[in-house]
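**Student:** Count along the sequence shown starting at 1, add 9, and that's the number in our numbering. The C-beta atom is built at its ideal place from N, Cα and C for all residues, glycine as well.
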Amino acid sequence: MKRSLFILSIYFIVIACNNSSNNSSNNSSNNVPNEDINNSNSNTISAPEQLNYSIVNIFPHDTSAYTQGLEWNDNTLFEGTGLKGKSVLYKMDSKLNQIGPKLKLDNAYFGEGITFYKDKIYQLTWEEHKVFVYDAKTLKKIEELNWPYEGWGLTHNDTALIVSTGSSNLYFVDPTTFAIKKTVGVFDQFGYQNMINELEYIDGKIFANIYGQNDIIVIDPNSGRIINKIDCSNLLAQAKVAYNPLSIDGGYVLNGIAYKKTSNTLFLTGKCWPVLVEIKLN
Ligand SMILES: [Ca+2]
Numbered sequence: 010m011k012r013s014l015f016i017l018s019i020y021f022i023v024i025a026c027n028n029s030s031n032n033s034s035n036n037s038s039n040n041v042p043n044e045d046i047n048n049s050n051s052n053t054i055s056a057p058e059q060l061n062y063s064i065v066n067i068f069p070h071d072t073s074a075y076t077q078g079l080e081w082n083d084n085t086l087f088e089g090t091g092l093k094g095k096s097v098l099y100k101m102d103s104k105l106n107q108i109g110p111k112l113k114l115d116n117a118y119f120g121e122g123i124t125f126y127k128d129k130i131y132q133l134t135w136e137e138h139k140v141f142v143y144d145a146k147t148l149k150k151i152e153e154l155n156w157p158y159e160g161w162g163l164t165h166n167d168t169a170l171i172v173s174t175g176s177s178n179l180y181f182v183d184p185t186t187f188a189i190k191k192t193v194g195v196f197d198q199f200g201y202q203n204m205i206n207e208l209e210y211i212d213g214k215i216f217a218n219i220y221g222q223n224d225i226i227v228i229d230p231n232s233g234r235i236i237n238k239i240d241c242s243n244l245l246a247q248a249k250v251a252y253n254p255l256s257i258d259g260g261y262v263l264n265g266i267a268y269k270k271t272s273n274t275l276f277l278t279g280k281c282w283p284v285l286v287e288i289k290l291n
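1. Within its chain, find whatever has a CB closer than 6 Å to the CB of N84; leave out the 5 residues flanking it on each side and keep chain order.
2. Would you say E80 and A248 are within 8 Å of each other, going by their C-beta atoms?
3. How is the alpha helix (DSSP H) around L8 delimited, first residue to last?
4. Identify the continuous beta strand (DSSP E) that holds L112 and give its terminal residues.
5. Pick from I215, N291, D229, G260: whose alpha carbon is nearest that of T274?
6. Rounded to the nearest angstrom, what separates L98 and Y126 at their Cα positions?
7. Measuring straight from C-alpha to C-alpha, what distance separates N253 and P283?
8. Starting from I69, follow its DSSP beta bridges and name the residues at the other end.
9. For K238, which residues from the same chain have a beta carbon less than 6 Å from its beta carbon, with the 5 sequence-adjacent residues on both sides left out?
10. Does the Cβ-Cβ distance between G109 and Q77 come in under 8 Å?
11. Could you tell me the distance, in whole angstroms, from the CA atom of I288 to the CA atom of K269?
12. Using three-state DSSP, classify S63 as helix, strand or coil.
13. Since H165 sits in a beta bridge, which residues does DSSP pair it with?
14. Would you call N231 buried or exposed, if buried means 16 or more other Cβ atoms sit within 10 Å of its Cβ?
15. Please confirm whether G265 and L255 have their CB atoms less than 8 Å apart.
16. Give the DSSP-derived three-state secondary structure of L255 in the structure shown.
17. Which runs of the beta strand (DSSP E), 3 residues or longer, sit entirely within the stretch 81 to 148?
18. Could you have a look at Q198 and say whether DSSP puts it in helix, strand or coil?
19. Which term fits K146, buried or exposed, when burial requires 16 or more other beta carbons within 10 angstroms of its beta carbon?
20. Within 10 angstroms of the Cβ of S177, are there 16 or more other Cβ atoms? Answer buried if so, exposed if not.
21. What is the rounded straight-line gap between the Cα of N116 and the Cα of H138?
22. Quick check on the DSSP output: the beta strand (DSSP E) that includes G265 runs from which residue to which?
23. Near G94, what residues of its chain come up, given a Cβ to Cβ distance below 7 Å and the 5 sequence neighbours on each side ignored?
24. Going by the CB atoms, is the gap between G233 and F199 shorter than 8 Å?
25. Quick one: does the C-beta of I266 sit closer than 7 Å to a heavy atom of ligand 1?
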């Protein structure tokens with residue numbers, strides 16, 4: 010009993026510290042309270058289970074692509090990239106050959122996460138508080154929406170778009186207005202998980218990159234609990250890449266998850282990585 014109380018106390022202290030550091034960050038636009046950890050009335054939040062994978066294919070990836078968003082729709086892969094003056098949006102076919110020209114964003118915008126929803130592509134911007142909506146076939150801009158926080162990752166379920174902002178929150182928003190319908194705080198046994206980045210909704214779960222980390226996390230979208238982790242720290246070596254992109258630029262981190270339904274495989278890459286790796290979860 011005493012041991013249980015001790016573990017419970019440590020757990021809430023960790024949560025408190027994590028919240029405190031979230032709210033004291035310089036990123037004032039993200040200073041919104043996290044939701045309470047749901048169903049946390051026990052001390053038995055289990056550690057995420059590790060998932061293993063096998064590499065299915067290795068494709069070349071444009072090393073000028075500072076990948077921020079990656080998503081398949083049928084046999085078309087959409088990629089959105091970042092950096093001011095270099096942000097683009099483009100399509101690839103099933104063999105990952107580019108289709109059509111790249112759409113370049115105005116130099117004032119830093120492109121972020123993208124998602125395909127009802128024949129439209131939505132693209133976040135990092136600090137510009139704008140969301141661009143394009144016709145998915147032509148990549149012609151249809152409209153611009155407003156978003157109050159930073160924009161990092163984007164995905165969707167059947168009824169909502171799901172946004173990450175570099176905090177531990179996932180925002181479920183109305184696709185037509187970007188009004189927030191629900192906020193879920195993401196956590197594991199140690200507390201809230203900050204720096205959630207690129208997202209991918211797969212069969213009722215949300216896969217996510219964590220900025221600067223080599224683990225991909227799998228989130229239960231109802232509770233926010235991290236239920237699985239995929240250790241990708243050996244991905245580049247397994248893909249026979251001779252160098253570590255991080256040795257060129259500290260920002261060249263793992264970022265980019267796209268699920269291809271027809272093959273039940275995940276396509277992973279990083280910012281300016283030379284490869285896009287197709288994996289199958291074991
Ligand atoms: Ca994605």
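**Tutor:** In short:
1. The answer, listed in chain order, is S103.
2. It is not a contact, given that the beta carbons lie outside the stated cut-off.
3. Only positions 10 to 291 of the chain appear in this structure, which leaves residue 8 out of reach.
4. It spans 107 to 113 - the beta strand (DSSP E) in which L112 sits, taken as one unbroken run.
5. With distances taken between Cα atoms, T274 lies closest to N291.
6. In a straight line, the C-alpha of L98 is about 15 Å away from that of Y126.
7. Using only the alpha carbons, I get a separation of about 10 Å.
8. Here residue 69 is Pro; the residue named in the question, Ile, does not match the sequence. Within the DSSP secondary-structure output, P69 pairs in a beta bridge with V284.
9. Result list for K238: P57, Q59, D224, I226, in chain order.
10. Contact annotation: G109 and Q77 have beta-carbon atoms that are not nearer than 8 Å.
11. Rounded to the nearest angstrom, the two C-alpha atoms are 10 Å apart.
12. Residue state for S63 is assigned as strand, using DSSP reduced to three classes.
13. According to DSSP, residue pairing for H165 in a beta bridge involves L170.
14. By the 10 Å Cβ count, N231 comes out exposed.
15. No, the pair does not count as a contact, with Cβ atoms beyond the cut-off.
16. If DSSP states are grouped into helix, strand and coil, L255 belongs with the helices.
17. As summarised for the stretch 81 to 148, the continuous beta strand (DSSP E) elements at least 3 residues long and confined to that stretch are 85 to 90, 97 to 101, 107 to 113, 120 to 126, 129 to 134, 139 to 144, given in chain order.
18. Under the three-state reduction of DSSP output, Q198 falls in the coil class, being neither helix nor strand.
19. Looking at its Cβ environment, which holds fewer than 16 other Cβ atoms inside 10 Å, K146 is exposed.
20. Burial call: buried.
21. Going by C-alpha positions, N116 is about 15 Å away from H138.
22. Bounds of the beta strand (DSSP E) holding G265 are 263 to 269.
23. Cβ contact annotation for G94 (same chain, cutoff 7 Å, sequence separation greater than five): N116, in chain order.
24. A distance of 8 Å or more separates the beta carbons of F199 and G233.
25. Look at I266: its beta carbon is less than 7 Å from one of the heavy atoms in ligand 1.
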